[in-house]
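Here the sequence shown stands for residues -23 to -1, 1 to 332, numbered as in mature numbering (1 follows the signal peptide of the UniProt record, and there is no 0).
Virtual Cβ for every residue (Gly too), placed ideally from N, Cα, C.
Note sheet for the following structure.
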Amino acid sequence: MAAPTRLCRCLVPLLLGMGMVAAAGTPGTSGTPGTGDCGCSASRAAGDGREAAARRYSAAAAGGGRSAGRGPMVAIPGGVFTMGTQEPEIQQDGEGPARRVHIDSFYMDQYEVSNQDFERFVNSTGYITEAEKFGDSFVFEGMLSEAVKADIHQAVAAAPWWLPVKGASWKHPEGPDSSISSRMDHPVLHVSWNDAVAFCTWAGKRLPTEAEWEYSCRGGLENRLFPWGNKLQPKGQHYANIWQGEFPTNNTAEDGYKGTAPVSAFPPNGYGLYNMVGNAWEWTSDWWAVHHSPQDLHNPKGPSSGTDRVKKGGSYMCHKSYCYRYRCAARSQNTPDSSASNLGFRCAADAPGPH
Ligand SMILES: [Ca+2]
Ligand SMILES: [Ca+2]
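Below, the structure is given as structure tokens:
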């Protein structure tokens, strides 16, 4: 059956994404994200077919969809920056070494792709997300109604706050009894990497590389932790939607948001980009690897193959104690068909940009 297989495939990357490996004190598992013990490699062949299917939603195939699905983009000037860090906070994630990376100018979505954006795509193409095809997706327990929770008998022992919820999808982020109607300007969630590629292709765009994403995140600053500097809360102000309180039991929402925030919330960074860290995790186009060459690179695109894709920026669920990944150098990964209630994306485009 598809669901149990996918549960197995998704679980470990999700745990890694939550910082569970570090938090649980089991660094031995960090280098082998669950591929051997759950038959992941056998199932991944099927993923290639889905990737091909996603490409069918090209701008050409979708006709007029290209302009309709395009949110505002920002021209990011080319330059050289320090990618990664010499002071990794989460060693096993491959945050280091720091290396000099040259980036050509490109365009970046100003905001995370919103529910409204994604709805336009679906209305135009009839696209069905992988979560909808599988029939379930992972939802943070703290967001679920008692009725939905009562129906779940498949808890994840190591991370009981992640529950596979039947019927959870981008339209129903907390399961069938939930709706996005009051959250159309929030980031779309429960979209897999394949779904994200399909959307960006339809919009005449593409996913950013990890290097482009991190360069964008830094907003022109060098070697800072966050898009705005090194201090989490300058002058006591919140600059990102993360978790305040004790994770996972007490979410004080001191920053104004228990779950996701509108994609235009909080101050933009130096490039005018919003919510690069926090709110929703964002897929990038790179395959995941933790060993990087220290040499200078020009427009790196990551490894040529792999099993997981890189995601960046952390989410509203990130707290320093469990998931100190709301930093520009931080990174995590999921299989390309994984989806969850804290994972979205934004698109990029080549300069001179779409016209
Ligand atoms: Ca928050
Ligand atoms: Ca984000």
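### Spatial neighbours of E109 in its chain, beta-carbon cut-off 6 Å, leaving aside the 5 residues before and after
Contacts found: S146.
### Residues near V165 in its chain [Cβ-Cβ closer than 6 Å; skip 5 each side]
So the list reads V90, N92, F95, W147, G321, once near-sequence residues are dropped.
### Task
Would you list, in sequence order, the uninterrupted alpha helix (DSSP H) runs of no fewer than 4 residues that lie entirely inside the segment 104 to 135?
With a minimum length of 4 residues, the continuous alpha helix (DSSP H) runs that stay inside the segment 104 to 135 are 107 to 111, 123 to 127.
### Message
Strictly by DSSP, which residues pair up with H275?
### Response
Secondary-structure assignment with DSSP links H275 through a beta bridge to H79.
### Task
Specify whether the segment 58 to 66 and the segment 300 to 312 touch according to this definition: at least 3 beta carbon pairs, one from each stretch, less than 8 Å apart.
Enough Cβ pairs lie closer than 8 Å, so yes.
### Query
How is Q63 classed by DSSP in three states: helix, strand or coil?
Correct three-state label for Q63: coil.
### Task
For the alpha helix (DSSP H) containing D94, list its first residue and its last residue.
Here the alpha helix (DSSP H) through D94 covers 92 to 102.
### Message
If I measure Cβ to Cβ from K235 and keep anything under 6 Å in the same chain, skipping five residues before and after, which residues do I get?
### Response
Result list for K235: N228, in chain order.
### Task
Could you give the DSSP three-state label for A22: helix, strand or coil?
The predicted model places A22 with a pLDDT of 30, which falls under 50 and marks its position as unreliable, so this point remains unresolved.
### Task
Could you spell out where the beta strand (DSSP E) holding R286 opens and where it closes?
Where R286 is concerned, the enclosing beta strand (DSSP E) stretches over 286 to 289.
### Task
Write down the C-beta distance between A188 and V78 rounded to the nearest angstrom, noting that I regard them as a contact closer than 8 Å.
That belief holds up - the Cβ atoms of A188 and V78 are roughly 5 Å apart, short of 8 Å.
### Message
Quick check: what's the CA-CA separation for L184 versus H167?
### Response
If you take the alpha carbons of L184 and H167, they lie about 16 Å apart.
### Task
Go through its chain and collect everything with a Cβ distance to A238's Cβ below 6 Å, but skip five positions before and after it.
Contacts found: N218, N256.
### Query
What residues are listed by DSSP as bridge partners for I53?
Among the bridge pairs identified by DSSP, I53 is matched with F83.
### Query
What's the C-alpha gap between S101 and N319?
Near 25 Å, if we compare the C-alpha coordinates of N319 and S101.
### Query
Does the segment 186 to 201 touch the segment 273 to 286, meaning 3 or more C-beta pairs lie closer than 8 Å?
Because the criterion of three Cβ pairs below 8 Å is met, the segment 273 to 286 and the segment 186 to 201 touch.
### Task
Just the C-alpha distance for A317 and G247, rounded to the nearest angstrom, thanks.
Answer to the nearest angstrom: the Cα atoms are 29 Å apart.
### Query
So, helix, strand or coil for D70, using DSSP?
D70 falls in the helix class under three-state DSSP.
### Three-way DSSP call (helix, strand, coil) for E259 in this model
In the structure shown, the three-state DSSP call for E259 is strand.
### Query
Just to confirm, are R302 and C295 a CB contact at a threshold of 7 Å?
Against a cut-off of 7 Å, the Cβ pair of C295 and R302 comes out as a contact.
### Message
What residue range does the alpha helix (DSSP H) around W190 cover?
### Response
Here the alpha helix (DSSP H) through W190 covers 187 to 195.
### Message
Here's the rule: buried if 16 or more other CB atoms are within 10 angstroms of the residue's CB, otherwise exposed. What is A19?
### Response
Per-residue confidence for A19 stands at a pLDDT of 22, beneath the threshold of 50, marking its modelled position as unreliable; no derived number is given.
### Task
Whole angstroms is fine: what's the gap from G56's alpha carbon to A136's?
A136 has its alpha-carbon roughly 41 Å from the corresponding atom of G56.
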